[in-house]
Each structure stands twice: as structure tokens, then as C-alpha cells.
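A.B. asks:
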Amino acid sequence: MAEDERYMSGTTAHHSNKGSGSTSQNSSSSSVNRAETSTPSMARQEPAESIGTRHAIDEERPKEFDRTIHDESEIEEPRDLSLHSSSSSADLTKRELPMLRLLLTIAVLSLALFLAAVDQTITATATVRISEEFNSLSLAPWLANAYLLSSTALQPITGKLSDIFGRTQMLVAGIVVFALGSLVCALAGSIEVLLGGRGIAGAGAAVIIGLTLVIVSDIVPMRKRGPYMAVFSLVFSASSVVGPLLGGLFTDRVSWRWIFWLSEPIAGVVILATLILLRLPRQRQGSSMWAKLKRIDYAGIVLLVGGLMALLMGLTLPGTSRHWQSPEVIACMAVGIVVLAVFFIVEWRFAREPVVPLRLFRVRNVASMMSASFFMGACLFTPIYYVPMFYNVVENTSSTIAGIYLLPFVIGIMITSISTGFLVMRLGRYRPFMWAGTALCTIGLGLLSLMNQDSSLAIRICFLLIAGLGIGSFIQLSLIAGQAAVEPQDMASVTAVITFFRSVGSVFGMAIMQSVLSGNLRHRLHQVALRYDEQSWITTASMDNPSIIYNPNVPADLRADIITAYDESLHKVFLSIIPFGAFMFLSTLPLQHIELAKRLHAAVAE
Numbered sequence: 001m002a003e004d005e006r007y008m009s010g011t012t013a014h015h016s017n018k019g020s021g022s023t024s025q026n027s028s029s030s031s032v033n034r035a036e037t038s039t040p041s042m043a044r045q046e047p048a049e050s051i052g053t054r055h056a057i058d059e060e061r062p063k064e065f066d067r068t069i070h071d072e073s074e075i076e077e078p079r080d081l082s083l084h085s086s087s088s089s090a091d092l093t094k095r096e097l098p099m100l101r102l103l104l105t106i107a108v109l110s111l112a113l114f115l116a117a118v119d120q121t122i123t124a125t126a127t128v129r130i131s132e133e134f135n136s137l138s139l140a141p142w143l144a145n146a147y148l149l150s151s152t153a154l155q156p157i158t159g160k161l162s163d164i165f166g167r168t169q170m171l172v173a174g175i176v177v178f179a180l181g182s183l184v185c186a187l188a189g190s191i192e193v194l195l196g197g198r199g200i201a202g203a204g205a206a207v208i209i210g211l212t213l214v215i216v217s218d219i220v221p222m223r224k225r226g227p228y229m230a231v232f233s234l235v236f237s238a239s240s241v242v243g244p245l246l247g248g249l250f251t252d253r254v255s256w257r258w259i260f261w262l263s264e265p266i267a268g269v270v271i272l273a274t275l276i277l278l279r280l281p282r283q284r285q286g287s288s289m290w291a292k293l294k295r296i297d298y299a300g301i302v303l304l305v306g307g308l309m310a311l312l313m314g315l316t317l318p319g320t321s322r323h324w325q326s327p328e329v330i331a332c333m334a335v336g337i338v339v340l341a342v343f344f345i346v347e348w349r350f351a352r353e354p355v356v357p358l359r360l361f362r363v364r365n366v367a368s369m370m371s372a373s374f375f376m377g378a379c380l381f382t383p384i385y386y387v388p389m390f391y392n393v394v395e396n397t398s399s400t401i402a403g404i405y406l407l408p409f410v411i412g413i414m415i416t417s418i419s420t421g422f423l424v425m426r427l428g429r430y431r432p433f434m435w436a437g438t439a440l441c442t443i444g445l446g447l448l449s450l451m452n453q454d455s456s457l458a459i460r461i462c463f464l465l466i467a468g469l470g471i472g473s474f475i476q477l478s479l480i481a482g483q484a485a486v487e488p489q490d491m492a493s494v495t496a497v498i499t500f501f502r503s504v505g506s507v508f509g510m511a512i513m514q515s516v517l518s519g520n521l522r523h524r525l526h527q528v529a530l531r532y533d534e535q536s537w538i539t540t541a542s543m544d545n546p547s548i549i550y551n552p553n554v555p556a557d558l559r560a561d562i563i564t565a566y567d568e569s570l571h572k573v574f575l576s577i578i579p580f581g582a583f584m585f586l587s588t589l590p591l592q593h594i595e596l597a598k599r600l601h602a603a604v605a606e
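Structure (C-alpha cells):
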């Protein structure tokens, strides 16, 4: 209330300097505030001076968000997220954590993010061993898909639920769910139970990945946020490469079940540290549990999760057991599109507190980062999955060595994540680094298409390094650009939505790339089988088990032809990813510049 009184006095002084009309405007401020609350479109029609003390940055900010922050006691029936997650970000910005506690908190959040992110790829090198134990090779791809589907579908609602129940409470709940899913996987006696455990773990990962990025936005001022976002970008990218290394190491040395047992003690440490270090203010103190439960948009959650699950199922089936034209794929995608259309209608017309505030889609920077993050998801995961395959099959290296050869990609991400973070913190500008990074990423992906069994190791390292340098500068800046365009109370939703689009892009990209690989490889291996009629069974078997190629009993000529088939098919995969990089670059061009120093000033004023 004290801040609101100072704000209103500043508004009165400003209008008194403008001349007539100030008395009538101030006397009716309460009714105007209620009108703006219930009808956001009316707020956009107000003159620029109606935002009082923030008029100095009008030209730096999107007009969709020129609105005042009101006292919650005046609002009887809040309509969307902005009206009830009042100002945790702003409050924390004004009370920065001591440096030691901040660093410890970042370390704990990084460990939580590593726990969730590493599980996305940790089964990559254990898939064959697991499928052999359960005699279910056809279901093996779902070890990754079950995790990605649930984590992707649930990400958009994590920010909303954390605004209702609190950041710390939701993060701890997410870690508990993740640990429970990992425990189910470790004890699984069948492939069906294992896949169910992966789905449960993915649900917990959705909360962890979403909230770690939201919480750092709460506890670090915007202009100082770059280096800390760089740390999270580094952790996320490195874990994607460390995952296959750890998976292969535990599978070869102990058992694949230790992949999941490893998560349990780490989860316990993270939960304990979170409860000790992370003490954020709860939103709407004094609200009963029943009041919080009534605020949840159950219809929106069911429609969103159901629609996304159907759509993502349609995207992943073609890469595993179905063709794009199969009835199952068409049905899944049709149902997903229809349900999501109903979701948008319900959220726009009927939801009192929407899961995703649809007005965010009208903010240029947010829409730009949603689109760019979608394409970036495919650009990030394609090298992570298919470069090791190139080394495993074409070069006959072990899974551990293949992971090591992927390090230039990760090192490139590390370099630009850290350097651009500090540069943005110093200069307050992010667009030049965004444009340069996405352009460099596109060039690097194009160069990867030139990689083949005849190219030198130095050339391959250089290509991967260039692609990594480009992606690294984008990952963290995408969140900063989106957050800078909205009010502090919308940062949780913006962070969750941008992260969600990146996850959807990764699932979509992986489905496209798997379809490209399968189609080209099937065609080329069929041509090889026609030339080696007596050994055609070897060619057929190599489709599902490439290690058979290097059996000593396989003729050298046949081995060379099968390797060439894999090499040329992977070449098509790397060619197919180039348009994703180009569209990522084009999506960043509409970005507006928002001065981060002034944007931080506005957050503090609020």
C-alpha cells in the first residue's frame, strides 16, 4: 500500500503539471483501475501519461503493457495472472540476496536443472541393453519419447501453478515427482512399467526446468541476469552431452538400472538445500487452500495437456513405428489440433485466470522468442543425437568416445553463453548478439552437412564449434528478450511459454529428423540388399542393430556399402536441419530494443 500511495501521489503531481482534467482523473482512479483490470483492451487506449512515474520509458516498451499496478485488496474477482501474482519479482529485485546465499542458491538450482536435463538423453546409450532385457526393441524409442512428451506437455502450466502455490513449494513437489518416477524406472520389471516411470519423471522434470528459470528471474535484477542465465544455459547444454556418457558408463560397468538409482540421492540433496536456501515470498498471503484450488483453471489444464499429448504423439509416431500417412498419426494430429483450438477458445472467452495469458502472444518480443525457440529446439537436439550416431556407425567408435567428439559443440555453447551474458550485462543490449548468434548457428548447421567419412577430424571439430557458438548466444538471450518486454508479474508465464516452445521444437525436430533418416536409410539399404542377395538378412538387421556391420564374418564390400548408406542418410539429416536454423534467424529480426537499465528501473518502481 505504501508503494501504491507513493505511486498515486506521483501520478497526481504529474497530471497537475499537465493542466486541466487532473482532478477528475484522480477522483475516479479507482473506477478506472477496475475498468483496466477487467478489460485490458481499454488500458491500451489510455494516453501515454496515464502510467504516471513510468512515462519516461514509454518509447522503450511495448504499448500493450502500459498499465498500472493495483492494490490486490481492490480486486474482487481477478481475471488473469497479472492481477494476483502481484510483484514477487519486483519485491525480490528491491531486496537482493547476499552474494554468498545467491551463489549457493544458483548452485542448487543448477543441480536441479542438471538432474532434469540429463535425463532427457541419459537413456540414449542404454536403449539397446534395456530393449534386450525386456525383448521389446520396437518400444525402445519411447524411453526418450515418454519423458519428452510429459515434460513438454506440462511445462506451460508450471509458471501458473507456482504463482498460486509458491515457487519453493512447486519446485520441491516437482523434484519429489521426478524422484518417484526414477524409482519406478529403477525397480521396473517390464517395459510398460519402465515407460510409465519415464512419464512420471518427465512430469517432475517439467516443473524443475520451468521453475529454475523463473526463480532466477525472481532473485536477480534484469541487467545482472545475463551471467546467471549463462550458467543455466551451460548446465542444460552440457547435461545433454553428459547424459549419454553417464548412461553408457553405468550400463557397461554396473547396470542400466543405476542410471535411475543415481537420481535418488541427488534429488534428496536438492530438496534439502532448496528448503534451506530458497525462501521466496508466497503470492497472496492469507489465501486458504480452498481459495487457491478454486483459482486453478482445470478445464484449461485438461484441454492443454490432452491436446499437446495427442499432437506430440502424432509427431513422434512417424519416427518410430508408423508412417506420416498412417491413420494413427493423422488421428492423433487431428485430435490434438481440434482440442488445442477448443483450449484457446475457452481461455479467451471463459477462463477467469488463464493457464497461459493469451495477451502475451500479442507482445512482439515474446512472439518472436516463441517462434525462434521452437526452431532452436530442433537445432540443439539434432547434433546431440545424430553426431554420436555418425561416430558410432560410420567411424565404429564406442558411445563414450562418440560423446567426447561432441564436446566442441558444448564448448562453443559454453563460450558464447558466458561471454554474451557479461556483454549484455555491461552494454544493456541483446539484439546484436541474438542476430549474430542465430546467423552463426545457421552457418554451422550448414557446414555440418558437409561432414562425411572422408572429412578430417579437425574439420568436424570446427563445424561443431561454429554451430555451438551460435546456439550458445541464443539460449539465454531468448529469455532475457522475452522477460524485458513484460511486467514482473508476467515473467513466470513468459519463461514457461518460451521454454515450452523450445521443448515442442525439439520433439518436432527429432520426429522430422528420425523420419528423414529412416526413409533414406531404408531406401539405400534396400538397394544394397539387391546387390548382395545371399547376405540380404545382414542389411535388414543393420537397420535396427548397426553393430552387426562390424562383425568379422560380414564381407568387407558389404560392410563398406552399408556404412556408405548410413553416411549418406545422416548427410540428409544434417541438410534437413538447415531450414530450422534459417527460420530461427528470421524469427529474431522483428525484435524490439528495450533498454534493460530503464526496464529494471521500472520493475523497481513497481
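Going by my numbering, the first residue of the sequence shown is number 1, and it counts up by one from there.
The beta-carbon is built from N, C-alpha and C at its ideal position, and this holds for glycine as well.
On a predicted model such as this, the values are computed, not experimentally measured, just so you know.
Any contact of the segment 162-179 with the segment 206-226, i.e. 3+ C-beta pairs under 8 Å?
C.D. replies: Counting Cβ pairs under 8 Å, three or more are found: they touch.
A.B. asks: For a test of the three-state rule: what should DSSP assign to asparagine 396, helix, strand or coil?
C.D. replies: Of the three classes helix, strand and coil, the one that applies to asparagine 396 here is coil, per DSSP.
A.B. asks: Taking only the alpha-carbon atoms, compute the straight-line gap between serine 493 and proline 156 and give it to the nearest angstrom.
C.D. replies: About 7 Å.
A.B. asks: Could you please give the first and the last residue of the uninterrupted alpha helix (DSSP H) stretch that includes tyrosine 673?
C.D. replies: Past the boundaries of the shown model lies residue 673; the chain is included only from 1 to 606, so the question cannot be answered.
A.B. asks: Beta-carbon within less than 6 Å of aspartate 252's beta-carbon, same chain only, minus the 5 sequence neighbours each way: which residues are those?
C.D. replies: Within the same chain, aspartate 252 has no close Cβ partners at all.
A.B. asks: Need the endpoints of the alpha helix (DSSP H) that proline 432 sits in, please.
C.D. replies: Here the alpha helix (DSSP H) through proline 432 covers 431-448.
A.B. asks: Going by Cα to Cα distance, which pick from Gly202, Met414, Glu353 is closest to valine 184?
C.D. replies: Valine 184 has its Cα closest to that of Gly202, out of Gly202, Met414, Glu353.
A.B. asks: Rounded to a whole number of angstroms, what is the C-alpha to C-alpha distance between phenylalanine 375 and isoleucine 512?
C.D. replies: Cα-Cα distance, rounded: 12 Å.
A.B. asks: In angstroms with no decimal places, state the Cα-to-Cα distance between serine 239 and serine 503.
C.D. replies: For serine 239 and serine 503, the distance between alpha carbons rounds to 15 Å.
A.B. asks: Can you name, in chain order, every residue of its own chain whose Cβ lies under 7 Å from the Cβ of leucine 447, other than the five neighbours on each side?
C.D. replies: Within the same chain, leucine 447 has close Cβ partners Phe463, Ile466.
A.B. asks: Given a cut-off of 9 Å on the beta-carbon distance, is the pair alanine 496 and glycine 210 in contact?
C.D. replies: Yes. Within cutoff.
A.B. asks: Can you name the start and end residues of the alpha helix (DSSP H) that aspartate 561 belongs to?
C.D. replies: Aspartate 561 -> alpha helix (DSSP H) spans 556-576.
A.B. asks: Going by C-alpha to C-alpha distance, which of Ile538, Met389, Val338, Ala372 sits closest to tyrosine 405?
C.D. replies: Per the Cα distances, Met389.
A.B. asks: Are the C-beta of cysteine 332 and some C-beta of chain B separated by less than 9 Å?
C.D. replies: In the structure shown, chain B cannot be found, because there is only a single protein chain.
A.B. asks: In three-state DSSP terms, what is valine 184?
C.D. replies: Here valine 184 sits in helix by DSSP.
A.B. asks: Which same chain residues end up closer than 7 Å to phenylalanine 508 when comparing Cβ atoms and leaving out the 5 residues on each side of it in sequence?
C.D. replies: Hits under 7 Å: Leu315, Ala378.
A.B. asks: Leaving out five residues before and five after alanine 188 in sequence, what residues of the same chain have Cβ atoms less than 7 Å from its Cβ?
C.D. replies: Counting only Cβ-Cβ distances below 7 Å, and skipping sequence neighbours, we find Leu194, Gly197.
A.B. asks: Among Ala146, Leu308, Leu575, Met313, whose alpha-carbon lies nearest the alpha-carbon of valine 339?
C.D. replies: Checked all of Ala146, Leu308, Leu575, Met313; the closest Cα to valine 339 is Leu308.
A.B. asks: Which residue marks the beginning of the alpha helix (DSSP H) containing asparagine 145, and which one marks its end?
C.D. replies: Per DSSP, asparagine 145 belongs to the alpha helix (DSSP H) from 142-165.
A.B. asks: Nearest-angstrom Cα distance between serine 569 and leucine 575?
C.D. replies: Rounded to whole angstroms, serine 569 to leucine 575 spans 10 Å at the Cα level.
A.B. asks: Sort Leu586, Val573, Leu530 by Cα distance to isoleucine 562 and report the nearest one.
C.D. replies: Answer by Cα proximity: Leu530.
A.B. asks: Taking glutamine 120 as part of the alpha helix (DSSP H), name the residues at either end of that continuous run.
C.D. replies: Unbroken run through glutamine 120: none, as it is neither H nor E.
A.B. asks: I need the DSSP call for leucine 293, collapsed to helix, strand or coil.
C.D. replies: If DSSP states are grouped into helix, strand and coil, leucine 293 belongs with the helices.
A.B. asks: Give, in chain order, every unbroken run of the alpha helix (DSSP H) that is at least 4 residues long and sits entirely within the segment 467-500.
C.D. replies: As far as the segment 467-500 is concerned, it has no whole alpha helix (DSSP H) run of at least 4 residues.
A.B. asks: Determine the extent of the alpha helix (DSSP H) in which methionine 543 is found, giving its start and end residues.
C.D. replies: Note, methionine 543: alpha helix (DSSP H), 536-544.
A.B. asks: If serine 611 and isoleucine 413 are in contact, beta carbons under 8 Å, what's the gap, nearest whole angstrom?
C.D. replies: What the structure shows of the chain is the stretch from 1 to 606, and residue 611 is not part of that stretch, so it cannot be assessed.
A.B. asks: Does the segment 548-568 touch the segment 417-426, meaning 3 or more C-beta pairs lie closer than 8 Å?
C.D. replies: No contact exists between the segment 417-426 and the segment 548-568.
A.B. asks: Rank Pro318, Gly174, His571, Leu469 by C-alpha distance to the C-alpha of alanine 267 and give the top, closest one.
C.D. replies: Per the Cα distances, Gly174.
A.B. asks: Here's the rule: buried if 16 or more other CB atoms are within 10 angstroms of the residue's CB, otherwise exposed. What is serine 398?
C.D. replies: Burial call: exposed.
A.B. asks: Reducing DSSP to helix, strand and coil, say where tryptophan 261 ends up.
C.D. replies: In this structure, tryptophan 261 counts as helix in the three-state DSSP scheme.
A.B. asks: Which first and last residues belong to the alpha helix (DSSP H) in which methionine 451 is found?
C.D. replies: It is not in any alpha helix (DSSP H) - methionine 451 carries neither H nor E in the DSSP assignment.
A.B. asks: Short of 7 Å in beta carbon distance, which residues of its chain neighbour tryptophan 258, apart from the five on each side in sequence? Order them along the chain.
C.D. replies: Excluding residues within five positions, the ones whose Cβ falls inside 7 Å are Phe250.
A.B. asks: By alpha-carbon positions, which one of Leu278, Ile200, Phe260, Phe134 ends up nearest to leucine 100?
C.D. replies: Taking only the C-alpha atoms, the option nearest leucine 100 is Leu278.
A.B. asks: Would you identify the three-state DSSP class for glycine 189, choosing helix, strand or coil?
C.D. replies: Looking at glycine 189 - three-state DSSP - the assignment turns out to be coil, as it is neither helix nor strand.
A.B. asks: Can you check which of these residues, Leu246, Trp142, Thr588, is closest to threonine 438 by C-alpha distance?
C.D. replies: Per the Cα distances, Thr588.
A.B. asks: Quick check on DSSP: helix, strand or coil for tryptophan 324?
C.D. replies: In this structure, tryptophan 324 counts as coil in the three-state DSSP scheme.
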